[in-house]
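Trainee: Residue numbers for the sequence shown, in this note's numbering: 6 to 143.
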Amino acid sequence: MPHPGLHDCQDVVMARYRALADRIVRQPNPPRDVEALAARIGELPGQLSAVEAIWDGDTNGWFVVLVAVLDAPQSEVELTVIRRGSDLRVFNGRVPLWPEAQEAARTGTALAGRFSVPFHFASPDEPDDEAPRWRASW
Numbered sequence: 006m007p008h009p010g011l012h013d014c015q016d017v018v019m020a021r022y023r024a025l026a027d028r029i030v031r032q033p034n035p036p037r038d039v040e041a042l043a044a045r046i047g048e049l050p051g052q053l054s055a056v057e058a059i060w061d062g063d064t065n066g067w068f069v070v071l072v073a074v075l076d077a078p079q080s081e082v083e084l085t086v087i088r089r090g091s092d093l094r095v096f097n098g099r100v101p102l103w104p105e106a107q108e109a110a111r112t113g114t115a116l117a118g119r120f121s122v123p124f125h126f127a128s129p130d131e132p133d134d135e136a137p138r139w140r141a142s143w
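#1: Do you know offhand how far LEU49's Cα is from LEU71's?
#2: With a threshold of 16 other CB atoms inside 10 Å of the CB of GLU131, please say whether the residue is buried or exposed.
#3: Given a cut-off of 8 angstroms, decide if GLU108 and ILE87 are closer than it, judged by their beta-carbon atoms.
#4: Would you give the residue range spanned by the alpha helix (DSSP H) that GLU105 belongs to?
#5: Count the other CB atoms, across all protein chains shown, that sit within 10 Å of the CB of GLY113; report buried if there are 16 or more and exposed otherwise.
#6: Buried or exposed, going by whether 16 or more other CB atoms sit within 10 Å of the CB of HIS8?
#7: Is the segment 35-55 touching the segment 72-86 in the sense that three or more CB pairs, one from each, lie closer than 8 angstroms?
#8: Hey, out of GLU83, ALA136 and TRP103, whose CA is closest to PRO35's CA?
#9: How big is the Cα-Cα spacing for VAL18 and HIS12?
#10: Out of GLU105, PRO78, GLU81 and SER80, point me to the one whose CA is closest to ARG89's CA.
#11: Within 10 Å of its beta-carbon, does GLU40 have 16 or more other beta-carbons around it, so buried, or fewer, so exposed?
#12: Within a Cβ cutoff of 6 angstroms, which residues of the same chain sit near ALA136, ignoring the five residues on either side of it in sequence?
#13: Give a single yes or no on whether SER128 has its beta carbon closer than 7 angstroms to a heavy atom of the ligand NAP.
#14: Taking only runs of the alpha helix (DSSP H) that begin and end inside the segment 6-88, which ones reach a length of at least 4 residues, in chain order?
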């Protein structure tokens with residue numbers, strides 16, 4: 006018995022997506038503006054020691070996560086995720102210097118300045134999910 010091809014499988018997935026679309030609960034995008042993120046940091050338990058930008062990725066592509074690095078107790082809290090489209094743009098040659106990294110650097114620098122803590126972004130020029138972290142280990 007022949008197996009379905011890739012296009013057949015994609016058609017099935019799209020048909021299921023259309024059939025179930027009204028059941029999908031979409032989460033609103035977390036705020037990415039400095040004021041909202043600063044307010045969120047102000048509500049966190051513990052002392053802020055740094056703001057860090059970290060590359061991560063999934064099946065849709067790369068994105069940058071801004072985190073608050075806390076002392077007493079040592080922890081980190083995800084503040085927001087900055088994604089600017091799928092990685093199809095990479096294959097099409099349409100990525101102008103990773104705009105999500107540029108936004109993360111601007112926002113992270115502003116937040117760090119507001120709270121007088123360091124901003125750490127080990128790989129601002131290209132995605133690297135193994136770049137050194139602010140804290141080497143937990």
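By construction, the Cβ of each residue, glycine as well, lies at the ideal position given by its N, Cα and C atoms.
Mentor: Taking the coordinates as given:
#1: Annotation: LEU49 to LEU71 spans about 14 angstroms, alpha carbon to alpha carbon.
#2: Exposed, by the Cβ-count rule.
#3: The answer is yes: Cβ separation under 8 angstroms.
#4: Counted as a single uninterrupted DSSP element, the alpha helix (DSSP H) harbouring GLU105 occupies residues 104-120.
#5: Classification of GLY113: buried, given that the 10 Å Cβ count is 16 or more.
#6: The residue is exposed, with fewer than 16 neighbouring Cβ atoms inside 10 Å.
#7: In short, these stretches touch, since the Cβ pair count reaches three.
#8: For the options GLU83, ALA136 and TRP103, the alpha carbon positioned closest to that of PRO35 is the one of GLU83.
#9: The straight-line gap from Cα to Cα measures roughly 10 angstroms.
#10: Out of GLU105, PRO78, GLU81 and SER80, GLU105 has the C-alpha closest to the C-alpha of ARG89.
#11: Flag for GLU40 reads exposed.
#12: Same-chain partners within the cutoff: ALA127 and SER128.
#13: Of the ligands one can find in the structure shown there are none, so the ligand NAP has no counterpart to examine.
#14: If you keep only unbroken alpha helix (DSSP H) runs of at least 4 residues inside the segment 6-88, you get 11-25 and 39-47.
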